Amino acid sequence: MTLSRMTPAALMAALVAFPVAAADPGKMLAQACAGCHGQSGEGLGSVPDIRGYDRAFFAEVWQDFREDRRPATIMNRIARGYTEDEVAALADYFARAE
Amino acid sequence: MTHLTRRAFGTLLGASAATLAAPGLLRAQSAGRLVIIGGGFGGASAARFARIHYPDVGVTLVEPQSSFVTCPYGNLILGGKRRLGDITHSYDGLRARGAEVIHDRATDIDPEAHRVTLAGGAVLEYDKLIVSPGIGLRWDAIEGYDDAAAEVFPHAWIGGDGSQISTLRAQLEAMPEGGVVALSIPENPFRCPPGPYERISMIAHYLKQANPTAKILAFDSKEGFAKQGLFQDAWAELYGDMIEWVPASGDGRIERVDPANKLFISEFGEEHRVDVGNVIPPQYAASIVRDTGLANESGWVPVDPHSFAAAAARDIHVIGDATIAPPMPKSGYVANSTAKTAVAAALAEVTGRPAWDAPVYFNTCYSHAGEEYGISVVAVFRPTEDGFEAVPDSGGLSPRGPLAEQARNRRLEARHADAWYDSIVKDMFS
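Residue numbers (the working numbering), protein chains in the order written: chain Y, 2 to 99; chain G, 4 to 433.
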C-alpha cells in the first residue's frame, strides 16, 4: 500500500467517493467514446465537446451520422454499430455529463 | 504470513502505519483487492477505471518499467514528428488515484491460492486478478534473430524502455545516402495489424526529406494487410517509387537474418543486403501467461467473450494483445475498451454490483501515412456465444480516392489521431 504517498486531494476523493453502479449501460457504453472524447465527453483538440447535449438532439445527430446526412470522418462509421436503445443510453449519459 | 518476504512484510508494515493514520480509507478499500499485472493500454486503463468507479476496492498494479513508452506513436519518432519523451508516461497519476504501483516483474501466478509472485520475491494476494501482459517475441521463429541481433536489427515492437525505437531512429539518421531500409513483417496474428505499414510510411516521410534516394523494402509473410488500399494510395501519392512491398508469394517471407553481414535471407534463399533492418518477429502472449497455463497451444489466451475471464482459471481475467479475440485486432484501443468490461465483470462478485450484461467493444486505429495525412479503420464488436463479431454494416475504412479529393478528410483524421492519442493516454494515466 502506498497510502502515505497519496496527495491530500486524492485521499479526500477516495474518502468521499460513493460507489457507483459501474454496470450502468450508458456509462459503460460511453467508455468507448472516452478514448477520443474524454471520460466526460469534454473533447480534446479536433474532437468535439459532447457534454450537455439535449437528449433528443443527441439522438438526431446520431441518426444523421448513421444515414450519412451529416459530414463526418469516422462518426458515420461508428454510428451504424449501435442500437437505438444504446444510443438513448448514451444520450442520457452525455446529457448529464459535466 | 510465512510466505511473505522481508520486502512484502515491509510493505505491510507501511500499510499498517498508513491505516492508523487513515482508518476511513481502510474501510473505503475493504471490499477486496484487485491485482493487475501489466501497466500498458489494458492494465493502466483497468487500474484507473477501477479506482474511479470502485473506490472501495484496493488496486495493485505490477509493471516492470518505471514509466510507459507507448507503441502507438512510436512510428512518429521514426518520422521525426515526435520525441521519446512525448510518448513516455508516468504512473504518478494512477498513484494519485490511490492505486499501488509496484515496479517489478510477475513471475508466477497461483490460481488456487490467489497469489502472484514477483521477481523481487514479494507475494501479492488477490481476490481478482487482471492480467494484461502484452506480447512476447518468438525468438526462435527467424533463424539468427535473438537478443543480440535485435541490437543490430531492432524490432521496436515492444515499448520497453524506449531503446529499441531510439536505436531504429538513430540507424535511419546514420544511413548512407541512397541506402536500403528493409522490414520483415510477420503473419497474423500480431500486435497492431496496421503498425508495420504506418512504420513504412513514417520512415518514408523522414527519408523523403533527409535521404530522398533511399529505398524501403518491406518483406511480408502475408499476401495482404490492414488498410492496404489506403496505404498503397498514400505511398504512390507521397513517396513515388521509394517503397517496394514484397508479399509472401513474391518471396517476401524472411526466414533467416545475418546481422554481422547485414543480410535478410528469404524463404527461397535470396540474400538481401540492407543498411537498416527492422525485424518484426512473429509473436505470442507474454511469458507470464504461457508459463502459468493460461495460454493454450497457440501461445495466446482463450477468454470468455463476455467477461474476459480466462478459460483456464476462475478469478483471472486476461485482456489486451495476449488474448484470442478475433476479429478484434490486437490494438491499444481494444485493450482499453475491454479492460473496463473486465473490471466490471471481475468486481461484480467482489462488490455485489452487477457486471455489464450486454457489453459492446470498440476499436478505432488511426495511422499516419504522411504530413497531415491520417487514415483509419473503425469497428464495433459484440460477444457471441464462443467469440466476437463485428457489427454488420458498421465500421470500416476511411474513404479511398485521390488526395486532391480527400485532402480534408486526411488532414482531419491526422488531427483526430493526435486527439485520440492524448485522450486515451489521459484515460490510462491521469
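Backbone N, C-alpha and C define an ideal beta-carbon position, used for all residues, glycine too.
Keep in mind that this is a model prediction, so the values were computed, not measured.
Alpha-carbon to alpha-carbon, Asp50(Y) and Ala345(G): Stepping through the second sequence from its first residue, residue 345(G) is reached at position 342. Stepping through the first sequence from its first residue, residue 50(Y) is reached at position 49. Their Cα atoms are separated by approximately 27 Å.
Selection of the stretch 333-363 of chain G by Cβ proximity to chain Y, strictly under 8 Å: If the cut-off is 8 Å between Cβ atoms, the stretch 333-363 of chain G has Tyr336, Asn339, Ser340, Lys343, Thr344, Val346, Ala347, Leu350, Ala351, Thr354, Arg356, Pro357, Ala358, Trp359, Asp360, Ala361, Pro362, Val363 near chain Y.
Three-state secondary structure assigned by DSSP to Glu154(G): The sequence position of residue 154(G) within the second sequence is 151, counting from 1. Three-state result, Glu154(G): helix.
For Asn281(G), three-class secondary structure by DSSP: In the second sequence, the residue the question calls residue 281(G) occupies position 278. Of the three classes helix, strand and coil, the one that applies to Asn281(G) here is strand, per DSSP.
Run of the beta strand (DSSP E) containing Ser70(G), from where it starts to where it stops: Against the second sequence, residue 70(G) aligns to sequence position 67. Segment 70-72, the beta strand (DSSP E) holding Ser70(G).
Nearest candidate by alpha-carbon position, reference Ile378(G), set Trp160(G), Ala229(G), Gly61(G), Val119(G): As a position in the second sequence, residue 378(G) is number 375, starting the count at 1. Taking the Cα of Ile378(G) as reference, the smallest distance to any Cα among Trp160(G), Ala229(G), Gly61(G), Val119(G) is reached at Ala229(G).
Residue-level contact to chain G via CB, Ile75(Y), 9 Å cutoff: Stepping through the first sequence from its first residue, residue 75(Y) is reached at position 74. Chain G, which has a Cβ nearer than 9 Å to the Cβ of Ile75(Y), makes this yes.
Cutoff 7 Å; reference Asp69(Y); Cβ partners in own chain excluding five residues on either side: For this step, residue 69(Y) is matched to residue 68 along the first sequence. Asn77.
Contacts around Gly39(Y), its chain only, beta-carbon distance under 7 Å, and the 5 residues preceding and following it disregarded: Locating residue 39(Y) in the first sequence gives position 38, counting from the first residue. Excluding sequence positions up to five before and after Gly39(Y), its CB lies within less than 7 Å of the CB of Leu45, all in the same chain and listed in chain order.
CA-to-CA distance, Ala116(G) to Ser354(G), given in whole angstroms: Working through the second sequence from its first residue, we reach residue 354(G) at position 351. Working through the second sequence from its first residue, we reach residue 116(G) at position 113. Here residue 354(G) is Thr; the residue named in the question, Ser, does not match the sequence. Distance between Thr354(G) and Ala116(G), taken at the CA atoms: about 20 Å.
is_contact[Arg194(G), chain Y] using C-beta, thresh 9 Å: Here residue 194(G) refers to the residue found at position 191 when the second sequence is read from its first residue. It does not; no Cβ of chain Y falls within 9 Å.
Reduced DSSP category for Ser252(G) - H, G, I as helix; E, B as strand; rest coil: In the second sequence, the residue the question calls residue 252(G) occupies position 249. In the structure shown, Ser252(G) sits in a helix (DSSP, three-state: H, G or I).
The stretch 45-54 of chain G in contact with the stretch 423-431 of chain G per 3-pair CB rule at 8 Å: At 8 Å Cβ cutoff, the stretches touch.
Per-residue DSSP class, three states only, for Ala173(G): Taking the second sequence and counting its residues from 1, the one referred to as residue 173(G) is at position 170. In the structure shown, Ala173(G) sits in a helix (DSSP, three-state: H, G or I).
Distance between Glu61(Y) and Gly77(G) (C-alpha atoms, nearest Å): Locating residue 77(G) in the second sequence gives position 74, counting from the first residue. Locating residue 61(Y) in the first sequence gives position 60, counting from the first residue. A straight-line Cα-Cα distance of about 38 Å links Gly77(G) and Glu61(Y).
DSSP-derived helix/strand/coil call for Arg6(Y): On the first sequence, residue 6(Y) is found 5 positions in, with the first residue counted as 1. Only weak support is given to the placement of Arg6(Y): the predicted model assigns it a pLDDT of 46, under 50, and the value that follows is read from those uncertain coordinates. Note: Arg6(Y) maps to helix in three-state DSSP.
Arg9(G) (DSSP reduced to helix, strand or coil): Residue mapping note: residue 9(G) aligns to position 6 of the second sequence, counting from 1. In this predicted model, Arg9(G) has a pLDDT of only 37, less than 50, meaning its place in the structure is not dependable; the value taken from the coordinates is given anyway. Looking at Arg9(G) - three-state DSSP - the assignment turns out to be helix.
Positions along the stretch 41-61 of chain Y whose CB lies within less than 7 Å of some CB in chain G: So the list reads Leu45, Gly46, Ser47, Val48, given in the order they occur along the chain.
Simplified DSSP state of Lys131(G), which is helix, strand or coil: Reading the second sequence from its first residue, position 128 is the one you call residue 131(G). Residue state, collapsed to three classes: strand.
Beta carbon of Gly280(G) nearer than 9 Å to that of Ser426(G): Numbered from its first residue, the second sequence carries residue 280(G) at position 277. Numbered from its first residue, the second sequence carries residue 426(G) at position 423. Going by C-beta atoms, Gly280(G) is not nearer than 9 Å to Ser426(G).
For Ser310(G) and Glu392(G), the rounded distance between their alpha carbons: Here residue 392(G) is taken as the residue at index 389 of the second sequence, counted from 1. Here residue 310(G) is taken as the residue at index 307 of the second sequence, counted from 1. Cα-Cα distance, rounded: 15 Å.
Cut-off 8 Å between Cβ atoms - residues of its own chain near Phe59(Y), not counting five sequence neighbours on either side: Indexing the first sequence from 1 puts residue 59(Y) at position 58. Excluding sequence positions up to five before and after Phe59(Y), its CB lies within less than 8 Å of the CB of Ile51, Val88, Leu91, Ala92, Phe95, Ala96, all in the same chain and listed in chain order.
Local Cβ density within 10 Å of Gly255(G), reported as buried at 16 or more and exposed below that: The count along the second sequence starts at 1 and reaches residue 255(G) at position 252. Counting of Cβ neighbours within 10 angstroms places Gly255(G) among the buried residues, the total reaching 16 or more.
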